[in-house]
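Taken in sequence, the protein lines are chains A and B.
Position in the first sequence (from 1) plus 293 gives the number in this note's numbering.
Position in the second sequence (from 1) plus 4 gives the number in this note's numbering.
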Amino acid sequence: MAIGFIIVGVLLLVVTIAAANIYIERRLLSLWQDRRGPNRAGPFGFLQVPADMIKIFLKEDWIPPFADKAVFVLAPTIVMLSILFSFALVPFAPGFQVVDSNIALLFFLANSSLAVYSIVLSGWASNNKYAMIGAMRGTAQMISYEVFMGLSLMGVVMISGGTFSLREIVEAQRGMWNVVPQFVGFCIFMIAAVAESHRAPFDLPESEGELVAGFHTEYSGIKFGMFFVGEYLGITLISAMIVTLFFGGWLGPAFLPPFFWFMLKTFAFIAFIILLRAALPRPRYDQFLGVGWKILLPLTLLNVLITAGILLARG
Amino acid sequence: MLSILRSIWITFTHAFRKRETRDYPEKAPFLPARYRARIILTRDPEGKERCVACNLCAVACPTDCISLQATEDETGRRYPEFFRINFSRCIFCGYCEDACPTNAIQLTPDFEMAEYYRKNLVYEKENLLISGPGKYHDYNFYKNAGIEIGGKKKGEGLNEEPPIDVRDLMN
């Protein structure tokens, strides 16, 4: 019974945050670009989100006649599903967590890789060369960055006493947040996580300047909306994971409840990811993959090696 | 690497700068007195229409948005029977004002003329005529022109001598 409440609570929470992110992103981007952003609908433009949702629900949902219809319809659901699965493992507060699994971290990594199927299948099913190029980029990006995204977390696992459970990783940070001993791991995970969620500046599968809209060129209406919300869910998920793994999760001074601390830190990282989009241009595709394999992967291995060496030397 | 962090920081500091966006409906923008927008037809100081329906504005108009029909009253004074400006085509270039020999047609700094129906943007003479003389307070075309109309004989205008009968000159 209680677990049912938690499941519904987490689901409502993350979907609401994802929807609110649409508004937050537009306001923050305009803040950093000397604009005002949406401020017309309702007080401070809060009603912009319902307005956008009504619009996207009522739009014509067109499937191109040359598309592979079954796959075309299926593709946008995968990104939503795989990210919502990962939220089952996020410890929002003590007791406010759907599943406390001993392989939680691996499950998160596996699911974040599954999300790329959404891009590949949508690009393939669209039967459109721009969508296909976007899908190819998405795949290559996922393969390159998935490798050291997992490896960069091994340092965290080692200093947390070899556990994959997210709750135990948070508990292990009572003395000191993992970001201090694992700063290199944090930086690499941050880069890889932004790349995994295909956010600007690493939105190469989408890159509207070159590929129209990349993998979702042919999508419209609520199917496009699912890609859109999936992207915002992805930002929320990686922010929540960064907070859980490196910034002490719900831990914080006792004058505020643990859940509040978790949300505060998560929104700080959501804002930072939006700041990255406002500040940085998109790198060229080959440079992007080159940096991944030639710099970040060796750096990650070095980080794992040094962390292991220090732990061994301490006994 | 450092330049990336620097550009992130610079972008962040933009949060505290002045906004480029103008809050238009709440704060009216400053428009100079000679700003060119909604077209009006003015009257002379006596309160009569200045327009003499010479069609020069319609000829000068690059978008052909002005149409009018000339007619004459019983005193011989020309005026437009109808005068119509289609503001959905008007580009506010001001050529009509330049072309006008009687200072009748003038552009004003009022640009807020949005409509829900396109045909509402077609302004007739009663929509265009204002009660005053616009930018030129004292100008009265018929006082300056040598033409004879009812109530004013030749030679009675400003800066005008009475006409000379050339057949009297040799007497």
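Ideal Cβ positions, reconstructed from N, Cα and C, are used throughout, including at glycine.
The secondary-structure analysis by DSSP pairs V126/B across a beta bridge with N90/B.
DSSP lists no bridge partner for S11/B.
Inclusion of A424/A and G507/A in the CB contact set at 8 Å is warranted, their separation being smaller than that value.
In the structure shown, P331/A adopts coil according to DSSP, grouped into three states.
Contact between G448/A and Q475/A holds, since their C-beta atoms are separated by about 5 Å, short of 8 Å.
With respect to the C-alpha of V463/A, the residue from K352/A, G338/A, D393/A and G297/A having the closest C-alpha is D393/A.
The alpha-carbon of E353/A is positioned some 13 Å away from that of M346/A. Sequence-distant partners of I484/A (beyond 5 residues in either direction) whose C-beta falls short of 7 Å from its own C-beta, in its chain, are L589. Flagged as an interface residue toward chain B: Q326/A, by a C-beta distance shorter than 8 Å. Exclusion of the five residues before and after E165/B leaves G159 as the residues of its chain whose Cβ lies within less than 8 Å of its Cβ.
Counting the other Cβ atoms within 10 Å of the Cβ of A397/A gives 16 or more, which makes it buried.
Counting only unbroken stretches of 4 or more residues, the alpha helix (DSSP H) elements lying wholly within the segment 341 to 373 of chain A are 341 to 351, in sequence order. If you draw a straight line from the Cα of V366/A to the Cα of L6/B, it is about 44 Å long.
Contact check for F441/A against F555/A fails: the beta carbons are separated by 8 Å or more. By the rule that beta-carbons nearer than 8 Å mark a contact, R319/A does not touch chain B. Of the residues assessed, T67/B falls on the exposed side of the cut-off, its CB having fewer than 16 other CB atoms within 10 angstroms. Taking the CA atoms as reference points, K157/B sits about 28 Å from I134/B. Note that the C-beta distance between A428/A and S415/A is below 8 Å. Put simply, of V364/A, G502/A, W543/A and L382/A the residue whose alpha carbon is nearest the alpha carbon of W470/A is W543/A. Interface residue (Cβ-Cβ distance to chain B less than 8 Å): A571/A is classified as such. Among the residues facing chain A, A19/B is included, as its CB has a counterpart in that chain under 8 Å away.
Annotation note: the segment 489 to 516 of chain A contains no uninterrupted alpha helix (DSSP H) run of length 4 or greater. A contact is defined here as three or more CB-CB pairs under 8 Å, and the segment 315 to 322 of chain A meets this definition with respect to the segment 552 to 570 of chain A. With respect to D579/A, H18/B sits apart: the two C-beta atoms are not nearer than 8 Å. Taking the beta carbon of L568/A as reference, the chain B residues within 8 Å of it are I12, T15 and F16, listed in sequence order.
Taking a C-beta cut-off of 8 Å against chain A, the contacting residues of the segment 23 to 37 of chain B are R23, E24, T25 and D27, listed in chain order. Contact note: I8/B reaches chain A through L573, using a C-beta cutoff of 7 Å and chain order.
Inclusion of C58/B and I109/B in the CB contact set at 8 Å is not warranted, their separation being larger than that value. Taken through DSSP and simplified to helix, strand or coil, R82/B comes out as strand. Between R577/A and S500/A, the CB-CB gap reaches or exceeds 8 Å.
L399/A is the residue among N421/A, L399/A and K422/A whose C-alpha sits nearest the C-alpha of S458/A. Against R329/A, the close residues of chain B are R23, T25 and D27, in the order they occur along the chain (beta-carbon pairs closer than 8 Å). Under the DSSP assignment, A74/B falls in the beta strand (DSSP E) whose first and last residues are I70 to E76. Remark: C-beta atoms of L530/A and F380/A approach each other more closely than 8 Å.
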